[in-house]
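As given, the protein sequences belong to chains E and C, one line each in that order. As numbered in full-length UniProt numbering, residues 1 to 202 make up the first sequence, in order. As numbered in full-length UniProt numbering, residues 1 to 202 make up the second sequence, in order. Think of the CB as a built atom: it goes at the ideal place given N, C-alpha and C, for glycine as much as any other residue. Bear in mind that the values here come from a model prediction, so they are computed numbers and not experimental data. So the structure is just underneath, and the comments pick up after that.
Protein chains: 2
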Amino acid sequence: MPPEASVHEIAPRSGTAFTLDKGERLTVIDPQGEQVADLLAFVRGDLDEVISSGRTLDYASRIYLTTGDPIYSNRSNVLLRIVADTVGRHDFLLTPCSADTFRIIYGDAHPHRGCFGNLAAALAPYGVAPDRIPVAFNVFMNVTVDGGTGELKVEPPLSQAGDHVTFEAECDLVIGLTACSALQSNNGSFKPIRYRIDPART
Amino acid sequence: MPPEASVHEIAPRSGTAFTLDKGERLTVIDPQGEQVADLLAFVRGDLDEVISSGRTLDYASRIYLTTGDPIYSNRSNVLLRIVADTVGRHDFLLTPCSADTFRIIYGDAHPHRGCFGNLAAALAPYGVAPDRIPVAFNVFMNVTVDGGTGELKVEPPLSQAGDHVTFEAECDLVIGLTACSALQSNNGSFKPIRYRIDPART
């Protein structure tokens, strides 16, 4: 990676939002290993267009996406393309963790707002309402499927310290990104996520 | 099933929408076998609340849903519950087929509008915009996942003539329902779907 782009850090159990211009590259880095980052992308100027797990998985005929794979919108346009990936195992099936997740799955009486709440708060200044948050592309999340029974298991991420995934924007976007807040997704501890934005290639 | 409720038929490659009151039961019937029906449910009075594959699969920890399983909304409320199911294999991963599906996957030059277009047209009078159509619960659709590679395959439905699934509404809903328009999902031919609505139990 070129050295000039500055690296930003997302604190454990938090999230952020920022713009990404067409051609720019977003690299999501797991600095310590075994930490998930939930990624959302909305089309800037028409926020009703957003990444779609249903269309992306349908067109890929695969639940595991990696280098070369496009991430489609609900209108079947490519919003992002994965151009580098040192891990190869990410999830696009499960919703961002939320207060409801912690209440329903973990039984927490006073649940954290989770990635959903962090994304909603970070995206609010861009005009994205909470109801518009779809299934996120869960970078480094390791969800396995038993082909026979259909059972889903959330396993420890395969990412090690320094592993990263790079996405290239195919149009001007608003991005939401978190350091995931669910214990099970991150092998029992909450760590930061880092990201960098590199300019479009000329 | 009690005999008094009338049975409605959805013609091949078409769709419809209707209201379903809390407690009422919707039975989706495959009259000839091997025919998929895409099902959507929106909360009446607040259409921004809609069924969510990401939340439902997360809370179920399973991709295959059947009798007893709830279908959650994007706000983690239960909208429908499956109360009877003679097949046990349905899909909640893939988006409704659309003109884009037929263009991208089938290479059609003049594509059919698909379940997406049929749902959008049927739901428009209820105030549902096309961008609000999420991943549908694809009744009788048989999508397998290879747990190792993550490959998705659309296999012939396991449903035979007369097979059916019954959903109970947990709140007042707007329902969208189709006879699916994709060749691969329906083992190569387009057939009708039937449905009936039975009153709430007193």
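Members of the region 124 to 145 of chain C near chain E, C-beta cut-off 9 angstroms: 129, 130, 131, 132, 133, 134, 135, 136, 144, 145
Span separating the alpha-carbon of residue 69 of chain E from that of residue 82 of chain E: 6 angstroms
Beta-carbon proximity of residue 9 of chain E to residue 192 of chain E, cut-off 8 angstroms: yes
Residue 194 of chain E and residue 7 of chain E closer than 8 angstroms at C-beta: yes
Alpha-carbon spacing of residue 136 of chain E relative to residue 24 of chain C, whole angstroms: 33 angstroms
Below-8 angstroms beta-carbon distance, residue 189 of chain E vs any chain C residue: no
Cα-Cα separation between residue 90 of chain C and residue 118 of chain C, rounded to whole angstroms: 20 angstroms
C-beta atoms of residue 133 of chain C and residue 124 of chain C nearer than 8 angstroms: no
Opening and closing residue of the beta strand (DSSP E) in which residue 137 of chain E lies: 137 to 139
Against chain C: residues of the region 169 to 187 of chain E by CB proximity under 8 angstroms: none
Candidates E:149, E:173, E:184, of which the one nearest residue 155 of chain E by Cα: E:184
Under 8 angstroms between C-beta atoms of residue 173 of chain C and residue 67 of chain C: no
Members of the region 150 to 166 of chain E near chain C, C-beta cut-off 9 angstroms: 150, 151, 152, 153, 154
Listed by chain order, chain E residues near residue 81 of chain C by CB distance under 9 angstroms: Ordered by position in chain E, no residue passes the 9 angstroms Cβ test against residue 81 of chain C, which lies about 15 angstroms from the chain.
Same chain, Cβ closer than 6 angstroms to residue 21 of chain E, five either side skipped, listed in chain order: 172
Candidates E:58, E:114, E:199, of which the one nearest residue 102 of chain C by Cα: E:58
Per-residue DSSP class, three states only, for residue 129 of chain C: coil
Bridge-paired residues (DSSP) for residue 142 of chain C: C:155
Check whether residue 45 of chain C and residue 176 of chain C have beta carbons under 8 angstroms apart: no
Residues from the region 98 to 113 of chain E in contact with chain C, defined by Cβ distance under 9 angstroms: 98, 99, 100, 101, 103, 104, 105
Cβ-Cβ separation, residue 42 of chain C to residue 63 of chain C (assumed contact under 8 angstroms), whole Å: That belief does not hold up - the Cβ atoms of residue 63 of chain C and residue 42 of chain C are roughly 23 angstroms apart, past 8 angstroms.
9 angstroms Cβ cut-off: residues of chain C touching residue 196 of chain E: Neighbours of residue 196 of chain E on chain C: none; closest Cβ ~28 angstroms, over 9 angstroms.
Where residue 37 of chain C sits in the DSSP three-state scheme: strand
Beta carbon proximity, residue 86 of chain E to chain C, threshold 8 angstroms: no
Nearest neighbour of residue 140 of chain C, chosen from C:168, C:129, C:47, C:179 [CA to CA]: C:179
Bridge partner(s) assigned by DSSP for residue 91 of chain E: E:138
Residues from the region 54 to 69 of chain E in contact with chain C, defined by Cβ distance under 7 angstroms: 54, 55, 57, 58, 59, 61, 62, 63, 64
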